[in-house]
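Here's the structure we're looking at; comments come further down.
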Amino acid sequence: MVTDAGIVDLAPLLDTDEPQAMLEQLIDDRDQLSDAIASLCRTDPVHPLASVALGASVPAPGKVLCVMRNRPALDESSSPPWAYLKYTGGGVGTEAGLQFPPGERNLRLEPELAVVIRGPARDIPADAWRDAVFGYTGFLDVVRPGSSLGPAEGDDWWKSWDTAFAVGPTIVTDLDAGEPGAGLSLDVTDASGTVSAADPGQPPLGEIIAFLSSVMTLRSGDLIACGAHEAAVIAAAPGSRAQLRLPGCGSLQVEATA
Amino acid sequence: MKLVLFDHDGQPQPGVLADDGVVPVSEVVSELGCAPHDCIPTIIDNFNELREPLLAAEANATRIPLDTVALLAPLPRPRTILCAIANYWEHAQREPRPLRMYVKNPDSVIGPEATIELPETTDPWVFMHEAELALVFRGPTGPTPSDRWRDVVFGYTCLIDVSARGHGRTSWGEFSWLGKSFDTFCPVGPCVVTADEIPDPNDLHVRLWDDGQLRHDYNTNDMEHRVPELVAWATARVSLRSGDIVACGTNHEGLGPLQHGERIVQTIEGIGSLQVTVRDDRRRRWGRGVYMGPDSTNRAAVERQGEVSQ
Chain G
11 MVTDAGIVDL APLLDTDEPQ AMLEQLIDDR DQLSDAIASL CRTDPVHPLA
61 SVALGASVPA PGKVLCVMRN RPALDESSSP PWAYLKYTGG GVGTEAGLQF
111 PPGERNLRLE PELAVVIRGP ARDIPADAWR DAVFGYTGFL DVVRPGSSLG
161 PAEGDDWWKS WDTAFAVGPT IVTDLDAGEP GAGLSLDVTD ASGTVSAADP
211 GQPPLGEIIA FLSSVMTLRS GDLIACGAHE AAVIAAAPGS RAQLRLPGCG
261 SLQVEATA
Chain C
3 MKLVLFDHDG QPQPGVLADD GVVPVSEVVS ELGCAPHDCI PTIIDNFNEL
53 REPLLAAEAN ATRIPLDTVA LLAPLPRPRT ILCAIANYWE HAQREPRPLR
103 MYVKNPDSVI GPEATIELPE TTDPWVFMHE AELALVFRGP TGPTPSDRWR
153 DVVFGYTCLI DVSARGHGRT SWGEFSWLGK SFDTFCPVGP CVVTADEIPD
203 PNDLHVRLWD DGQLRHDYNT NDMEHRVPEL VAWATARVSL RSGDIVACGT
253 NHEGLGPLQH GERIVQTIEG IGSLQVTVRD DRRRRWGRGV YMGPDSTNRA
303 AVERQGEVSQ
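Protein chains in written order, with our numbering: chain G, 11 to 268; chain C, 3 to 312.
What follows is the structure in structure tokens.
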């Protein structure tokens with residue numbers, strides 16, 4: 011857990027040492043663990059942030075569901091299905107290399123709010139979407155140009171490469187998040203300078219969770235990447251350094267590599 | 003060797019499927035300490051050491067009669083399921099199409115004798131079976147050239163890629179493929195047969211019956227992109243772990259709708275028979291039989307369309 015003073019190790023409270031299983035236990039047993047977590051934060055040593063390496067905030071999600079229509083197009087026409095399943099093994103954390111596929115020199119980075127699911131969640135009404143949410147994290151997707159509404163050149167694989175997304179740096183729980191996604195921004199720096207962009211709105215979380223939970227059961231630790239706004243998408247090439255900022259969650263920094 | 007998960011006296015456990023029953027092998031794999039859902043991937047990871055003890059158990063241990071056990075999905079929760087899109091020639095005279103795959107919901111897996119539950123949604127409005135050969139991987143894989151495909155294919159199983167459709171043969175949601183990922187839309191089983199028992203995965207007969215009516219009836223030698231190429235393509239893009247699945251696509255000539263109460267039987271020679279049922283709480287009815295609409299690739303439908311257009 012991240013506190014003002016640094017990191018508190020919650021591992022002593024958990025039954026497993028497998029990272030994704032640890033997260034899922036924290037989600038499923040959140041209410042039972044809350045007192046013990048508070049106690050640990052009072053009594054145990056705090057590790058300075060500078061002394062630790064943060065991994066992917068959701069290290070091995072069972073499913074990664076991505077909204078494929080960027081806003082504002084999604085707002086204008088919401089005919090489903092406007093989402094797809096992404097290869098789950100492709101996630102990296104902050105300060106990692108975000109590897110571009112061989113031969114790809116010109117891709118787009120899409121900053122997104124991602125929802126970390128508390129499940130099982132099935133057929134969640136739009137007005138009860140918070141029931142299915144454990145928290146929020148930053149999500150940086152990698153996309154070919156012109157593919158916000160579909161694949162380039164008929165290739166359905168345009169969004170699912172190995173190491174093709176970054177997730178983190180932290181998960182902010184739903185109790186702390188305020189307006190989810192507000193203030194999301196992206197900076198991309200390369201030899202020619204820095205390009206900055208901000209997401210001017212928030213994704214329609216009720217609609218997204220209601221639809222996806224009508225198709226499949228969402229499990230604890232699943233991720234929903236809620237789509238980017240076209241205004242916040244920036245081109246990148248190997249060597250570009252990206253910094254996604256999500257208020258309350260922190261700064262997710264990666265370097266695009268060939 | 004045919005590896006299974008089965009339920010006997012309420013206890014899911016691994017076994018080897020023999021002609022005269024199931025051989026329990028929990029004791030052989032007990033030191034691995036795997037959870038039932040992860041049993042066969044763990045066996046795959048340790049197969050070099052386990053092969054001889056498993057063969058010995060198969061030869062010597064007492065069988066449990068098949069009619070006293072329930073076979074479960076051998077891979078109830080793969081980390082990754084990739085499905086080839088189309089991928090059969092279907093008598094067409096044309097250039098090969100680019101190989102494409104999509105990611106299927108790993109939570110949608112069900113096993114033998116389980117039930118495909120059709121969603122109540124009316125958009126999409128029809129749900130079809132697609133009988134497929136599925137490759138079971140030994141991982142972790144790196145990029146694997148097509149001439150080394152056997153290094154990473156541990157075995158094979160049957161898979162039904164249940165697919166929601168809108169109009170005609172078009173999958174629901176262009177480029178999304180989410181219509182293939184509703185809960186229960188991925189029957190898998192009855193076993194994982196090890197690769198040594200299948201000399202050539204591109205020479206297997208795949209059949210699917212719907213309430214006794216033969217629908218799919220094709221050979222895997224009709225694949226547009228054959229198994230070595232599928233392996234090379236997939237492993238060049240993603241890392242696959244032991245127990246992950248790549249489904250090889252289907253021949254669409256035998257597509258048909260699934261309807262409430264029907265019993266679906268898929269067989270692949272050398273692997274076995276996967277049987278499931280269908281439930282539709284809305285009790286919708288579609289025309290029974292092979293899909294013969296304007297975009298059907300069924301040979302009779304194609305010939306009929308040709309006559310109509312002349």
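Built from N, CA and C at the ideal position, the CB exists for glycine as well.
Alpha-carbon spacing of residue i relative to residue j, whole angstroms
i, j, result
"C:P38", "C:R217", "34 Å"
"C:I45", "C:E51", "9 Å"
"G:A83", "G:A138", "24 Å"
"C:V208", "C:V280", "20 Å"
"C:L73", "G:A176", "39 Å"
"G:V152", "C:C250", "27 Å"
"G:G145", "C:R81", "23 Å"
"C:A136", "C:G157", "9 Å"
"C:R152", "C:A302", "37 Å"
"G:K73", "C:I83", "11 Å"
"G:P10", "C:Y220", "This structure does not reach residue 10 of chain G, given that chain G is present from 11 up to 268, and the question cannot be answered."
"C:G289", "G:S261", "55 Å"
"G:L228", "G:S202", "43 Å"
"G:D232", "C:A58", "41 Å"
"G:D200", "G:Q253", "12 Å"
"C:A75", "C:P114", "6 Å"
"C:E309", "C:V292", "19 Å"
"C:S298", "G:M226", "29 Å"
"C:R306", "C:A94", "15 Å"
Per-residue burial, residue i [other beta carbons within 10 Å of its own, 16 or more giving buried]
i, result
"G:S49", "exposed"
"G:P161", "Only weak support exists for where G:P161 lies, its pLDDT of 49 falling under 50; the value from the coordinates is given anyway. Label assigned to G:P161: buried."
"C:E33", "exposed"
"C:H254", "buried"
"G:V62", "exposed"
"G:S230", "buried"
"G:S158", "In this prediction, G:S158 scores a pLDDT of 40, lower than 50, which makes its location untrustworthy; the coordinate-derived value is nonetheless stated afterwards. By the neighbour-count rule (16 or more Cβ atoms within 10 Å), G:S158 is buried."
"G:D118", "At residue 118 of chain G the sequence reads Arg, which differs from the Asp that was named. The residue is buried, with at least 16 neighbouring Cβ atoms inside 10 Å."
"G:L185", "exposed"
"C:F177", "buried"
"G:S206", "exposed"
Nearest to residue i (by Cα), restricted to the options the options
i, options, result
"C:P26", "C:R285, C:N62, C:T117", "C:N62"
"C:V126", "C:V164, C:F139, C:V248, C:G168", "Position check: residue 126 of chain C holds Pro in this sequence, whereas Val was assumed. Minimum Cα distance to C:P126 is reached at C:G168."
"C:G368", "C:T237, C:T146, C:R140, C:S165", "Given that chain C is displayed from residue 3 to residue 312, the structure contains no residue 368 of chain C and the question cannot be resolved."
"G:D14", "G:V264, G:Q263, G:E265, G:C259", "G:C259"
"G:L43", "G:P58, G:L215, G:L20", "G:L20"
"C:D283", "C:S148, C:T123, C:T159, C:P189", "C:T123"
"G:R81", "G:A235, G:L254, G:R251", "G:A235"
"C:G12", "C:P114, C:V71, C:P189", "C:V71"
"G:Q35", "G:G129, G:L59, G:E217, G:R52", "G:G129"
"C:H15", "C:D21, C:G23, C:V6", "Going by the sequence as given, residue 15 of chain C is Gln instead of His. The shortest Cα separation from C:Q15 among C:D21, C:G23, C:V6 belongs to C:V6."
"C:R287", "C:T64, C:G191, C:Q261, C:I200", "C:Q261"
"C:P98", "C:E231, C:V292, C:D297", "C:E231"
"G:Q212", "G:H239, G:M226, G:D200", "G:H239"
"C:I200", "C:G274, C:F187, C:A88, C:H227", "C:G274"
"C:G141", "C:P78, C:F49, C:V190", "C:F49"
"C:P192", "C:K106, C:E119, C:D213, C:T269", "C:T269"
"G:A192", "G:R132, G:E122, G:I181", "G:E122"
"G:S250", "G:M226, G:P210, G:T204", "G:T204"
"G:P197", "G:E120, G:V18, G:A66", "As written in the sequence, residue 197 of chain G is Asp, which differs from the Pro given in the question. Out of G:E120, G:V18, G:A66, G:E120 has the C-alpha closest to the C-alpha of G:D197."
Anticipated Cβ contact below 8 Å, residue i with residue j, distance rounded
i, j, result
"C:I162", "C:A133", "6 Å"
"G:I219", "G:A142", "5 Å"
"C:G263", "C:H131", "Actually they do not touch by this definition, with Cβ atoms about 15 Å apart."
"G:A266", "G:F110", "6 Å"
Secondary structure, beta strand (DSSP E): runs of 3+ residues fully inside the region 196-220 of chain C: Counting whole runs of 3 or more residues, the region 196-220 of chain C contains the beta strand (DSSP E) stretches 207-212.
Inside the region 37-98 of chain G only - alpha helix (DSSP H) runs reaching at least 4 residues: The region 37-98 of chain G contains, as complete alpha helix (DSSP H) runs of 4+ residues, the segments 40-53, 83-86 (chain order).
Runs of beta strand (DSSP E) wholly within the region 94-147 of chain G (minimum 3 residues, chain order): Whole beta strand (DSSP E) segments, 3+ residues: 106-109, 117-127.
Every unbroken alpha helix (DSSP H) within the region 19-59 of chain C, with a cutoff of 4 residues, ordered by chain: Listed in chain order, they are 28-31, 41-47.
Those runs of the beta strand (DSSP E) which lie wholly inside the region 124-202 of chain C and span at least 3 residues: Assignment of beta strand (DSSP E) within the region 124-202 of chain C, counting only whole runs of 3 or more residues, yields 128-130, 133-139, 155-162, 165-167, 188-196 in chain order.
Every unbroken alpha helix (DSSP H) inside the region 209-295 of chain C [4 residues or more]: Runs found: 229-239.
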